[in-house]
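The structure appears below as structure tokens.
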Amino acid sequence: MLRLFPLLGVLAAVCLLSIAIGVRPIPPGDVVAALFGRGGPDVAGIVWGARIPRTALGLLVGVGLGLAGTLMQALTRNPLADPGLLGISAGAAFGVVIAVAAIGVTSLYGYIWFAFAGALVTSAVVYALGRSSPVTLALTGVAAGALLTSITSGIALVDPDSLNRYRFWAAGSLAGPDPSLVWQVAPFVLAGSVLALATGPALNSLALGEDAAVALGRRVGWVRLQGFSAVTLLTGAAVAAAGPIVFVGLVVPHAARLLIGPDHRRLLPVAAVLAPILLLGADILGRVVVRPGEVGVGIVVALLGAPFFIALVRRRRLAEL
Amino acid sequence: MNTKKAESRPAKATIGPVATPAFGRIGIYRHSRAGLLAAAVFLAFCGGIALGDHPMSLVDVVRALAGSGDRFALLTVRELRLPRALVGLLAGAAFGVSGAVFQTVTRNPLASPDLIGIAAGAATAVVAGIVLGVDLPALGLAGGLLTAVVIYLLAWNRGTTGYRIILVGIGISWICTSATSYLLSRARLPDAQRAVGWLVGTLNGRTWDQVRPLATVVILLVPLVLLGSGWLRTLQLGDDVATGLGTPVQRARLVLLLAAVGLVAFATAAAGPVAFVALAAPQIARRLTGAPAPPVIASGLTGALVVLAADLVAREIPVPVGVVTGALGAPFLMWLIVGRTRLA
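Just so you know, the sequences run in chain order A and B. Under our numbering, read the first sequence as residues 11 to 331, first letter to last. Under our numbering, read the second sequence as residues 52 to 395, first letter to last.
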């Protein structure tokens with residue numbers, strides 16, 4: 011746990027920076043005043059109406075993706091597993107395109123629910139078909155993802171209007187959330203997080219192999235169901251709100267494993283702290299580099315996270331799954 | 052390394068649920084399945100040539116391929132339809148073979164050139180070309196090869212492992228994918244549409260210009276992979292066992308991966324990153340033949356079959372072939388997985 015506290019400190023600092031820094035420069039003193047309910051109404055409006063919701067959303071999405079990625083890699087015992095492996099992000103993308111092309115939904119808040127529904131249904135179907143072993147599950151998930159991606163890009167190619175909306179959602183962004191969005195996403199992330207953290211000890215037994223886990227008294231099928239439910243809740247909510255930026259969940263568990271080793275009881279909390287640091291850090295950077303425009307967080311997070319990740323991987327001792 | 056790794060080795064050595072080689076089934080059974088696959092590929096190939104604005108009978112197609120028949124049919128087949136069918140055949144086979152190599156060498160059924168960055172690198176190069184208005188046919192090729200070199204160099208630290216290559220590949224693929232979606236979100240809509248069209252993979256308007264380089268590479272590299280199939284068999288057992296069996300692990304991996312990358316890069320340059328074939332073909336082939344690891348020849352045949360069959364459907368809708376490979380290959384793979392698990 012000793013490593014967790016400095017990381018929490020970093021996370022708190024990043025959250026404060028995310029509230030303090032924006033496209034419109036506001037002196038830090040005014041921001042602090044607005045936080046405590048003083049200062050001008052326009053500054054308070056920006057801080058409470060835009061920056062705090064955005065930071066909160068980044069925090070939720072980050073925690074969700076970090077935990078979901080760690081769970082997914084542990085459950086499938088595959089370093090290539092990402093939170094979208096069960097076809098979750100493809101299902102969400104499919105939901106968005108269907109919402110735009112077939113039903114004519116145009117508001118962002120309209121298609122978030124379609125994205126979430128797409129994610130849930132896909133994940134449930136994949137689990138029902140492939141649950142007999144981690145490998146069949148991973149392959150079924152990839153196949154379902156390919157199927158839905160095919161249909162999604164087919165629709166997007168035929169219908170320019172849905173391509174136009176889809177490509178912005180697909181770039182991934184935390185920008186401009188309505189404060190109510192945070193409250194809509196929060197319960198799912200919270201429930202998923204509790205479920206995820208509770209599986210930690212069981213995941214350690216599962217890492218020894220299925221037979222060993224059974225010998226240690228684990229009900230393997232039950233652990234998997236619990237884990238995948240958590241992944242679905244976390245990823246579904248995160249992807250619906252911020253677009254398919256699941257790469258965060260692919261890389262953060264590896265980074266966490268390199269930092270503190272393979273014990274899932276410590277790995278899950280560290281991943282849950284590391285992921286929002288990466289996500290919010292990238293979001294801040296995206297706001298600063300091309301003022302007054304913005305670069306989507308999905309893009310910055312890659313340019314920031316990938317070199318760091320590759321540097322970690324190049325170390326000689328690699329903790330394998 | 053630590054003990055954790057040693058413990059997890061035996062479980063990871065198997066590439067899928069069918070762990071034990073079924074010795075009773077190897078011989079005639081597997082060969083007849085491969086023979087059936089080859090026949091299906093030939094049928095899909097001829098069918099692709101027969102269909103079009105002027106449909107021909109399969110007999111006419113075979114006759115025209117052999118160089119006889121009337122001049123009009125000869126011209127249509129040789130200049131218009133044969134290049135398209137050949138690109139489909141060769142690209143599909145190249146994707147299938149390279150997928151089999153990647154999955155065996157990294158001992159991971161999810162490893163494919165799609166997932167570990169090579170297709171992503173090619174895609175970024177081509178989309179950048181489209182958006183910036185530099186349209187070079189060699190861009191995809193250069194992008195794919197360059198990405199592969201970068202991945203291998205970064206994964207090299209006094210030797211390398213399959214695991215490290217996968218992880219570095221993930222990182223690189225991540226950079227390339229987000230660069231692509233950045234370019235897409237900044238592009239003008241017509242450019243974005245053209246880029247998405249290429250990103251899906253298409254066989255429309257292919258000519259001999261695309262066939263020749265691809266054919267050369269396939270003819271050179273597929274035999275090379277077949278020569279290395281003994282290495283593939285030992286590498287699949289893990290680095291330590293392979294070394295014990297006398298395989299020069301680092302050299303074998305380098306040669307095999309280079310061949311696989313060459314195949315993918317040229318196939319992507321000719322047909323675009325046709326989705327899902329490199330990942331699915333080896334897994335489908337493995338389940339069809341009942342082999343313990345992805346079989347090289349059957350994977351190539353399956354890849355070719357998936358692309359050619361998808362192209363038959365894609366022309367009717369009409370959409371690019373890459374839209375259909377996923378829609379066609381995915382349910383088939385899922386059916387094989389679910390069917391096999393019920394039996395087991």
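In this text, a Cβ means the ideal position worked out from N, Cα and C, and glycines have one as well. Source: prediction; values computed, not measured.
Practice problem: Can you grab the Cα-Cα spacing for the pair A/Gly94 / A/Val256, in whole Å? | Solution: 6 Å
Residue of A/Pro286, A/Leu75, A/Thr132 minimising C-alpha distance to A/Ala102 = A/Thr132
Compare the Cα-Cα distances from A/Asp205 to each of A/Arg234, A/Phe126, A/Phe104, A/Ala217 and report the closest residue.
Reading the sequence as shown, one finds Leu at residue 205 of chain A and not Asp. Ranking the options by Cα distance to A/Leu205, first place goes to A/Arg234.
Measuring only between beta-carbons, confirm whether B/Ala381 sits less than 8 Å from chain A. Closer than 8 Å to some Cβ of chain A, the Cβ of B/Ala381 qualifies, so yes.
Notebook entry, point to check: Within 8 Å (strictly less), CB to CB, does A/Ala212 reach chain B?
Noted result: Under the Cβ distance rule, A/Ala212 does not count among the residues neighbouring chain B, no pair being separated by less than 8 Å.
Against chain B, does A/Thr150 count as a neighbour if the rule is that its beta carbon must be under 8 Å from one of theirs? It does: the Cβ of A/Thr150 has a partner Cβ on chain B nearer than 8 Å.
Checklist line | Residues near B/Arg337 by beta carbon distance below 6 Å, same chain, minus five either side | finding: Pro345
- prompt: Under a three-way DSSP split, which group does A/Asp273 fall into?
  reply: coil
Hey, could you find the ends of the alpha helix (DSSP H) A/Glu220 is sitting in? 220–225
So if I threshold CB-CB distances at 9 Å, which residues from the region 301–328 of chain B count as touching chain A? Ala326, Phe327
Spatial distance of A/Ala43 from B/Leu384 (CA atoms): 59 Å
message = Under 8 Å, Cβ to Cβ, is there at least one residue of chain A near B/Gly390?
response = no
Between B/Ala85 and B/Leu352, how many whole angstroms is the CB-CB distance? I'm expecting something under 8 Å.
7 Å
What's the call for A/Val224, buried or exposed, on a 16-neighbour Cβ count within 10 Å?
-> By the 10 Å Cβ count, A/Val224 comes out exposed.
Quick one: is B/Val276 buried, meaning 16 or more other Cβ sit within 10 Å of its Cβ, or exposed?
buried
*asked:* List, from N- to C-terminal side, the beta strand (DSSP E) runs of 3 residues or more that fit wholly inside the region 25–81 of chain A.
replied: Counting only runs of 3 or more, we get nothing.
Problem - Test: B/Met385 CB closer than 8 Å to a CB of chain A - result: yes
Query raised in the report: At a cut of 8 Å, does the region 147–167 of chain B reach the region 218–225 of chain B through at least three beta carbon pairs?
Result: Because the criterion of three Cβ pairs below 8 Å is met, the region 147–167 of chain B and the region 218–225 of chain B touch.
Review point. Looking at C-alpha atoms only, which residue of B/Val358, B/Leu379, B/Ile368, B/Val370 is the closest neighbour of B/Ala4?
Key: Residue 4 of chain B is absent from the model: chain B starts at 52 and stops at 395.
B/Arg284 - containing alpha helix (DSSP H), residue span | 280–286
key: B/Trp249: first and last residue of the uninterrupted alpha helix (DSSP H) it sits in   = 240–251
**Asked** Roughly how many angstroms separate the alpha carbons of A/Ala84 and A/Arg34, rounded to a whole number?
**Response** The alpha-carbon separation between A/Ala84 and A/Arg34 amounts to approximately 42 Å.
Point to revise | C-alpha gap between B/Arg304 and B/Val156, whole angstroms | key: B/Arg304 and B/Val156 have their C-alpha atoms roughly 7 Å apart.
Cβ of B/Tyr203 within 8 Å of any chain A Cβ:
no
>> So with CB distances below 7 Å, who are the chain A contacts of B/Val219?
In response: What B/Val219 touches in chain A: Ile320, Val323.
Residues in its own chain within less than 7 Å of B/Gly373 by CB, not counting five upstream and five downstream?
Val251, Gly252, Thr253, Gly323, Val325, Ala326
| task | Compute the distance between the beta-carbons of A/Val24 and A/Ser203, then report whether it is under 8 Å. | result | no
Notebook entry, point to check: Which ranges does the beta strand (DSSP E) cover as unbroken runs of at least 3 residues, wholly within the region 287–337 of chain B, from first to last along the chain?
Noted result: As far as the region 287–337 of chain B is concerned, it has no whole beta strand (DSSP E) run of at least 3 residues.
- Straight-line Cα distance separating A/Gly259 from A/Leu130: 18 Å
Item checked: Those runs of the alpha helix (DSSP H) which lie wholly inside the region 84–127 of chain A and span at least 4 residues -> 98–108
Q.
Taking beta-carbon pairs under 9 Å, can you tell me which members of the region 344–362 of chain B lie near chain A?
A. So the list is empty, because no residue satisfies the distance condition.
Q: Anything in chain B within Cβ reach of A/Ile309, meaning under 9 Å, just list it in chain order.
A: Ser229, Ala230, Ser232, Tyr233, Ser236
Check the Cβ-Cβ distances between A/Val204 and every residue of chain B, and say whether any is below 8 Å.
For A/Val204, the answer is no, since every Cβ of chain B falls outside 8 Å of its Cβ.
Let me confirm a value: B/Leu88 is counted as buried when at least 16 other C-beta atoms fall within 10 Å, else exposed. Which label applies?
buried
**Report entry** Pairwise C-alpha distance: B/Phe146 and B/Ala43
**Finding:** Chain B is shown only over 52 to 395; residue 43 of chain B falls outside these bounds and no answer can be derived.
Check: With a CB to CB cut of under 6 Å and the five nearest residues on each side skipped, what residues in its chain are close to A/Ser99?
Finding: Listed in chain order, the non-local C-beta contacts of A/Ser99 below 6 Å within the same chain comprise Val249, Pro254, Val256, local neighbours out to five positions each way being set aside.
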